[in-house]
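Protein chains: 2
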Amino acid sequence: MDRRKALKIAGGGGLAAILASGTAPAYSQGKKEWRLQQTWAKTAPGLGTGGNVFAEFVNKATNGAINIRVYSGGEIVPPFQTMDAVSNGTIQMGFGYVTYWAGQIPAMNYLGTLPFGLTVQEHNAWFMYGGGQQLAEKLYAKLGVQFMLGGNTITQPAGWYNKEIKTLADYKGLKMRIGGLGAKVVQALGGTPVSMPLGEVPQAMQSGAIDAIEFVGPLNDLGAGLHKVAKYYYWPGWLEPSGPYDFFINEKAWGTLSPSEKEIFRAGAALALQATISEFIAKNAAAYNQMVGELKVQVRQIPDEAVRGIADVAWKVIEAEAKDADSKAVLASVMKFRREILPYMRVSEFDFMRVRNLVKFG
Amino acid sequence: MDRRKALKIAGGGGLAAILASGTAPAYSQGKKEWRLQQTWAKTAPGLGTGGNVFAEFVNKATNGAINIRVYSGGEIVPPFQTMDAVSNGTIQMGFGYVTYWAGQIPAMNYLGTLPFGLTVQEHNAWFMYGGGQQLAEKLYAKLGVQFMLGGNTITQPAGWYNKEIKTLADYKGLKMRIGGLGAKVVQALGGTPVSMPLGEVPQAMQSGAIDAIEFVGPLNDLGAGLHKVAKYYYWPGWLEPSGPYDFFINEKAWGTLSPSEKEIFRAGAALALQATISEFIAKNAAAYNQMVGELKVQVRQIPDEAVRGIADVAWKVIEAEAKDADSKAVLASVMKFRREILPYMRVSEFDFMRVRNLVKFG
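Protein chains in written order, with this note's numbering: chain A, 1 to 362; chain B, 1 to 362.
See the structure below:
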């Protein structure tokens, strides 16, 4: 489409209006050219997979009628401004992590994960069969975007520590890089949550400015070099048992899609979700084997008694922090689903995994 | 397309050849009209979901260019002849359960599930990142069909029993309706595996002709009325920790799809997989609560010592039964993946689920 034709279609607004309005789909030889920015580098293992899987699928499935180009966080706008850029139509689409948007919508903390809450599969089931998708759509609509679940970190570890955690008292005075509800829990335990860019973490861990950090999991943690600056890798992952990623699409851009294109988008998100979970299982496991093998990382377990104490504190914090109606609604919905499914999960998948650890097989 | 035109296109073969060749896509106003038969009723909860989700998605995503009509098992051919009907092109597509085809390809028993093997998510990860998809494609190609993973029962229970299982010796003389590798294990434990249609099970359980049965899980088991004819529901589900469903497409029909249509099919299968897992988590949990609540089913645990004994026997049977090269290759691949991921799964999702059961939260 040449400039004169574009101006003619744009009418009074002219070219400037077209250029300013990222929400109007751009056409190149009759094709929709969309930009998707991730909050991570597009090459980041695991983290960046979903956006690439999604875009590749949509491009192929629509025979190129929709061409989605994937950008790393910072290529168009800074990573954490990705949501703003999608909201205001600078770009059509973003891919990130649900809790990243808790600054705008506090309930995102409850939508994104819940300490001691749901596992990945259970979280997926809550989105599909427990009312989660509807609650999510309501929250994302407040930001002017359409929501689709598009990935998951799987259960994250308790983090990397330079101090041992033997009792609940060991959290007292602990300086930990941690965000979201986890930061509030660490604070309530007597620790000091610290916010800093990941790039500053190695120096801060070495100088003792911080004592601990939680990041993603073995694959990405090794990539960030956390094993070089921390003595201990701790489990169990009470903090983020599930870490969902979100695709978010500018509402006006979403409105330009045909019903069949919307279906293709939803399926692309399902592909991204499945690919991400599978990749994290396979690659985190390989990274973990490397950690305990050649890298000789000291892997430690937070004693059960301390975990019990953390849970008591965590629940009080989580309930108290759900101050607005949306946070209360999401928390109530997740906890209802959790109560309903826990008895069954305990005798099915959990107990299978328990006995699998006991037996000699193969 | 009228008869004369069809004859002309068919050339020497004539109409009879077209009618005999289900592999040639039928056209109605330029559309591909495909038939998909499930091995189950299309309305069967959980079991029938995947085929419907898939067909609805493909029909919408292709704007009706491909119209897949779903049939219940028996509507076109008997349920267990679904694979034959797809192989020989009577219908384009089927939806069933991987181990159902072990009669044709023994390695399907190893592809479909493994006692003490992988959980659902781990199994999905093996298909995507452990070489499973490639192995599956090789096996299904021998039947002239294309394979896509399309659902999962999630961890199945140990079954419904009229005799208590307190020690390994209680399997001696046990008459159990069970198939596949499980049947071989029950036999090796001194029991008698029995094959009979599900419809005959209630009468057989009441008369004592059989003592036990394994079927799917709370949702479908209650639907089949097993709680009315069995005293005990047993866990843990050592037998089928994961139960994958398969989509299979006649190779010639698959060849008529464009690259974008193939992508749409793969995404439809991912949607079906995700929907099925989520539905089974939500609805099995609800059915389980009903079982232990109003239905007052006696839920029993096979003692760990007995499970250890079962595992010893199971491994010997599983290894001995892998007689052909394909079975050996699939078993080796699954066991390699299992060894690689188990250390990590133990400290991540498993241990999160373990401590979640210990703490008071909410």
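Even for Gly, the Cβ is constructed at its ideal location relative to N, Cα and C.
Predicted, not measured: the structure shown is a model, and the values here were computed from it.
Asked                                                                                                                : Found
Where Met335 (chain A) meets chain B, residues with beta-carbon distance less than 7 Å                               : Gly362
Contacting positions in the region 246-274 of chain A - beta carbon closer than 8 Å to chain B                       : Ser258, Pro259, Ser260, Glu263, Ile264, Arg266, Ala267, Gly268, Ala270, Leu271, Leu273 and Gln274
Thr256 (chain B) beta carbon near the ligand PLP (any heavy atom closer than 7 Å)                                    : Among the components of this structure there are no ligands whatsoever, and the ligand PLP is therefore not found.
For Pro197 (chain A), the nearest candidate out of A:Glu214, A:Glu263 and A:Tyr245 (CA to CA)                        : A:Glu214
Segment contact flag, the region 111-128 of chain A with the region 62-79 of chain A, C-beta cutoff 8 Å, min 3 pairs : no
Delimiting residues of the beta strand (DSSP E) encompassing Glu232 (chain B)                                        : The sequence given here places Tyr at residue 232 (chain B); Glu does not occur at that position. From DSSP, the beta strand (DSSP E) with Tyr232 (chain B) extends over Tyr232 to Trp235.
Per-residue burial, Glu240 (chain B) [other beta carbons within 10 Å of its own, 16 or more giving buried]           : buried
is_contact[Thr62 (chain B), chain A] using C-beta, thresh 8 Å                                                        : yes
Distance between Ala188 (chain A) and Phe361 (chain B) (C-alpha atoms, nearest Å)                                    : 16 Å
Where the alpha helix (DSSP H) containing Gly243 (chain B) begins and where it ends                                  : Segment: none, Gly243 (chain B) is in no alpha helix (DSSP H) and carries neither H nor E.
Residues that Asn289 (chain A) contacts on chain B, provided the C-beta gap is smaller than 8 Å                      : Glu340, Pro343 and Tyr344
Pro115 (chain A), DSSP secondary structure in three states                                                           : coil
Where Thr49 (chain A) sits in the DSSP three-state scheme                                                            : helix
Selected residue, minimal CA-CA separation from Gly365 (chain A), among A:Arg177, A:Pro218 and A:Lys184              : The question about residue 365 (chain A) has no answer here: the residues shown for chain A are numbered 1 through 362.
Where the region 117-142 of chain A meets chain B: residues whose CB sits under 9 Å from a CB there                  : Gly117, Thr119, Val120, Gln121, Glu122, Asn124, Ala125, Trp126, Phe127, Met128, Tyr129 and Gly130
Any chain B beta carbon closer than 8 Å to Met148 (chain A)                                                          : no
Assigned secondary structure, Asn63 (chain B) (DSSP; H/G/I helix, E/B strand, else coil)                             : coil
Residues near Trp254 (chain B) in its chain [Cβ-Cβ closer than 6 Å; skip 5 each side]                                : Gln146
Beta-ladder partner(s) of Tyr97 (chain B), from DSSP                                                                 : B:Tyr245
Candidates B:Phe280, B:Ile165, B:Ser195 and B:Met353, of which the one nearest Lys231 (chain B) by Cα                : B:Ile165
Unbroken stretches of the alpha helix (DSSP H), 4 residues or longer, contained in the region 158-241 of chain B     : 180-188, 201-207, 218-223 and 226-229
For Leu273 (chain A), the three-state DSSP class (helix, strand or coil)                                             : helix
Environment of Leu331 (chain B) [buried if 16+ CB atoms lie within 10 Å]                                             : buried
Straight-line Cα distance separating Ala183 (chain A) from Glu319 (chain A)                                          : 14 Å
DSSP state of Lys8 (chain B) mapped onto helix, strand, coil                                                         : At Lys8 (chain B) the pLDDT is 36, less than 50, meaning the model places this residue with poor confidence and gives no usable figure here.
Proximity test, Cβ basis, 8 Å: Glu279 (chain B) and chain A                                                          : yes
Sequence-distant residues of its chain with Cβ nearer than 6 Å to Ala107 (chain A) (five each side left out)         : Leu139, Asp326, Ser327 and Val330
Rounded C-alpha distance that separates Ile341 (chain B) from Gly132 (chain B)                                       : 15 Å
Residue nearest to Ala306 (chain A) in terms of C-alpha spacing, selected from A:Ile105, A:Leu168 and A:Trp101       : A:Leu168
Buried versus exposed, by CB contacts within 10 Å (16 or more), Leu358 (chain A)                                     : exposed
Cβ-based neighbour list, Pro45 (chain B), same chain, cut-off 6 Å, excluding 5 preceding and 5 following             : Leu219
Tyr234 (chain A) beta carbon less than 8 Å from that of Ala282 (chain A)                                             : no
Simplified DSSP state of Leu143 (chain A), which is helix, strand or coil                                            : coil
Between the CA atoms of Val194 (chain B) and Arg354 (chain A) - distance to the nearest angstrom                     : 29 Å
Whole-angstrom C-beta distance between Ser242 (chain A) and Ile154 (chain B), which should lie under 8 Å             : Between Ser242 (chain A) and Ile154 (chain B) the Cβ distance is about 16 Å, and since that is not below 8 Å, they are no contact.
Residue-level contact to chain A via CB, Ile178 (chain B), 8 Å cutoff                                                : no
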